[in-house]
Amino acid sequence: MSSHAINMGAESEQTRCPIMPTYGAPSVMFVRGQGTELWDSQGKRYLDFVGGLAVQSLGHANPEVAEAISEQAMKLTQVSNYWATEHAHHVALELDRHITGVGSSPGSESESPSGQVFFCNSGAEANELAFKLARKSTGNGQFEILTAMGSFHGRTLAALAACGQPHKHEPFEPMPSGFYHFERDEPNSLEALMTSSTAAIHVEPVQGEGGVWPSNETFMSRVQELSSEHGVLFMVDEVQSGLCRTGKWFAFQHFGVKPDVVCIAKALGNGFPIAAVWARAEVASAFQAGDHGSTYGGNPLGTAAARKVLEIMERDNYPQKASILGDVLSAALLDLPRVISVRGMGGMLAAELDGDVSADIALQAAQNGLLVNPIPPTAIRFTPPLSTSLDLVDEAMSILKGVLHAQPSS
Ligand SMILES: Cc1ncc(COP(=O)(O)O)c(C=O)c1O
7 MSSHAINMGA ESEQTRCPIM PTYGAPSVMF VRGQGTELWD SQGKRYLDFV
57 GGLAVQSLGH ANPEVAEAIS EQAMKLTQVS NYWATEHAHH VALELDRHIT
107 GVGSSPGSES ESPSGQVFFC NSGAEANELA FKLARKSTGN GQFEILTAMG
157 SFHGRTLAAL AACGQPHKHE PFEPMPSGFY HFERDEPNSL EALMTSSTAA
207 IHVEPVQGEG GVWPSNETFM SRVQELSSEH GVLFMVDEVQ SGLCRTGKWF
257 AFQHFGVKPD VVCIAKALGN GFPIAAVWAR AEVASAFQAG DHGSTYGGNP
307 LGTAAARKVL EIMERDNYPQ KASILGDVLS AALLDLPRVI SVRGMGGMLA
357 AELDGDVSAD IALQAAQNGL LVNPIPPTAI RFTPPLSTSL DLVDEAMSIL
407 KGVLHAQPSS
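Note that my numbering has the sequence shown beginning at 7, numbered continuously upward.
In structure tokens, the structure reads:
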């Protein structure tokens, strides 16, 4: 298929694109990737500083992950979750070790982990499970979930209701009930929403889609206190910020808190769809057989990929890679024209620009071979592979500099 075939502006019966237009009309078709580089169907090379939206932490087509997936594909791809398969148990123990910090070396997982894991396939599904778990484990009719304004938790109905972005709700109202939103990082606003029906406070330790806004220790500690005082769950959405992205295994670990539930997705399969929810054992024990399920959740292919991803992240010290990459990238961004500030943690950054120009800048950058993500209208988000070399950071920054110089101010 030529790249023209995916340019679906015209909507006659003959030319209509078979894909629903929820992401707008794509202008490029990618056919190959390697590390931080991508090639389109015309052979043009791009630097990918979006990283599949924080998925490709080890880089595109990581050879070790590809081998783990293809070896597994020749052996066993899926059986029902009525039976155990080879990797799920190991991945769950490893996630427990990285979340709790108990057991310090690979394979030294405690045989009796502090938490339990449910595997699913996407971030929204992980959050859905967390909401159900909050309702069931708190009991006493507690069902309300509190999330921050500006937060993003996915696109299924409950995950959408949890998003603190009312404009995303409007076309689909009425939303499922029981979701309330407090001002980001404002303890008083949060406390004012707590009632005897509250089941959980659900927080992104670094808001991603909302524009890359890291939380802080004061707020996160207050969430911890309020949840234990009120008998509600402290849940973190680490779908984007988890798995080394911010310079630690999980972003909540920057703030010295211990959540009850951790939602994980994106980087876990480095491109193979797999997600997970970890919960403290006492919380997880609220679920009985039949309370939740997923035909594909924790399948042998996804867990083979995740096992390899976790092994590589630990062996090659990905938390440190993310910190170094973040330091270099943020210093380089601050040197660019029209960048007024840089925020974020590790390899999850946003550069605030001097006007509502990020969509234009991202478009021009793509035309010049650099992919970046324009959110919100005044900022550009960067979630490159954490394996990105410093040479490629230099190359990306010189493309962006050219674009920023050329683009008129708004
Ligand atoms: C913090 C967070 N939660 C949930 C989601 C939804 O994940 P998915 O698109 O895999 O359903 C995202 C996606 O960007 C996210 O960033």
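We put the CB at the ideal spot given by N, CA and C, even for glycine.
Small disclaimer: the values here were computed from a predicted structure and weren't measured.
First through last residue of the beta strand (DSSP E) which encompasses residue i
i, result
"Asp366", "That residue, Asp366, is in no beta strand (DSSP E); its alpha helix (DSSP H) goes Ser364 to Gln373."
"Val242", "Leu239 to Asp243"
"Gly121", "Gly121 to Cys126"
"Leu355", "Met354 to Leu359"
"Ile381", "Run containing Ile381: none; DSSP gives neither H nor E here."
"Ser347", "Val345 to Met351"
"Ile75", "First-last for Ile75: Pro69 to Lys81, but that is the alpha helix (DSSP H), not the beta strand (DSSP E)."
"Ala295", "Run containing Ala295: none; DSSP gives neither H nor E here."
"Phe55", "Neither: Phe55 is in no beta strand (DSSP E) and is coded neither H nor E."
"Arg141", "Looking at the DSSP string, Arg141 is not in any beta strand (DSSP E); the run it does join, the alpha helix (DSSP H), is Gly129 to Thr144."
"Ala273", "Where Ala273 is concerned, there is no enclosing beta strand (DSSP E), given that its DSSP letter is neither H nor E."
"Ala281", "Ala281 to Arg286"
"Ala263", "With the sequence shown as reference, residue 263 is identified as Val, and Ala is not the correct amino acid for it. No beta strand (DSSP E) contains Val263, which DSSP labels as neither H nor E."
Where the alpha helix (DSSP H) containing residue i begins and where it ends
i, result
"Arg103", "Ala94 to Thr106"
"Tyr324", "Tyr324 to Leu340"
"Arg251", "Run containing Arg251: none; DSSP gives neither H nor E here."
"Glu192", "Premise fails: Glu192 is in no alpha helix (DSSP H) and is neither H nor E."
"His173", "Pro172 to His175"
"Met319", "Pro306 to Arg321"
"His236", "Glu223 to His236"
"His411", "Leu396 to Ala412"
"Leu166", "Leu163 to Ala168"
"Glu429", "For the chain, the structure presents residues 7 to 416; residue 429 sits outside this window and is missing."
beta-carbon residue i near ligand 1 non-hydrogen atom, thresh 7 Å
i, result
"Phe158", "yes"
"Leu274", "no"
"Asp191", "no"
"Ala139", "It should be noted that the sequence gives Leu, not Ala, for residue 139. False, no ligand heavy atom lies under 7 Å from that Cβ."
"Gly129", "yes"
"Glu215", "yes"
"Asp360", "no"
"Asp243", "yes"
"Leu59", "yes"
"Glu134", "no"
"Ala385", "no"
"Ala206", "no"
"Gln246", "yes"
"Ala271", "yes"
"Glu100", "no"
"Glu179", "no"
"Glu210", "yes"
Residue nearest to residue i in terms of C-alpha spacing, selected from the options
i, options, result
"Ser128", "Lys272, Arg38, Pro325 and Glu189", "Lys272"
"Tyr324", "Gln294, Gly353 and Thr153", "Gly353"
"Met35", "Glu235, Trp45, Phe278 and Gly41", "Trp45"
"Ser118", "Ser76, Gly375 and Glu100", "Glu100"
"Asp362", "Leu376, Leu135, Gly375 and Pro382", "Pro382"
"Gly304", "Tyr52, His66 and His93", "His93"
"Gln48", "Pro380, Ile386 and Gln373", "Gln373"
"Ala205", "Leu239, Cys23 and Ser120", "Leu239"
"Ser183", "Glu197, Leu163 and Asp191", "Leu163"
"Phe185", "His208, Glu197, Ile346 and Gly308", "His208"
"Glu77", "Leu359, Ala311, Glu358 and Ala328", "Ala311"
"Met202", "Ala167, Arg141 and Asp243", "Correcting the residue type first, residue 202 is Ser in the shown sequence and not Met. If we check each option's Cα against that of Ser202, Arg141 comes out closest."
"Glu150", "Ala257, His187 and Gly375", "His187"
"Leu59", "Arg251, Asp397 and Ser364", "Arg251"
"Ala290", "Thr21, His104 and Lys138", "Lys138"
"Tyr52", "Leu406, Ala412 and His411", "Leu406"
Beta carbon of residue i nearer than 8 Å to that of residue j
i, j, result
"Thr91", "Val85", "yes"
"Phe55", "Val378", "yes"
"Ala6", "Asn194", "What the structure shows of the chain is the stretch from 7 to 416, and residue 6 is not part of that stretch, so it cannot be assessed."
"Gly262", "Gly332", "no"
"Met351", "Val212", "yes"
"Ala338", "Val399", "yes"
"Trp418", "Gly121", "Residue 418 falls outside the range modelled here, since the chain spans only 7 to 416, and no answer is possible."
"Met241", "Ala136", "yes"
"Ile270", "Ala282", "yes"
"Gly41", "Thr389", "no"
"Leu376", "Ala402", "yes"
"Pro391", "Gly65", "yes"
"Arg161", "Ala130", "yes"
"Ser364", "Ile386", "yes"
"Asn222", "Asp191", "yes"
Interface flag, residue i vs chain C, CB-CB below 8 Å
i, result
"Ser247", "Absent from the structure: chain C. Only one protein chain is present."
Practice task
May I ask you to verify whether the region 174-181 touches the region 146-153, counting CB pairs closer than 8 Å and requiring at least 3?
Solution key: no
Practice task
Take every Cβ of the region 293-302, pair it with every Cβ of the region 233-246, and state whether three or more of those distances are shorter than 8 Å.
Solution key: no
Practice task
Say whether the region 156-163 touches the region 212-225, bearing in mind that this needs 3 or more beta-carbon pairs closer than 8 Å, one atom from each stretch.
Solution key: yes
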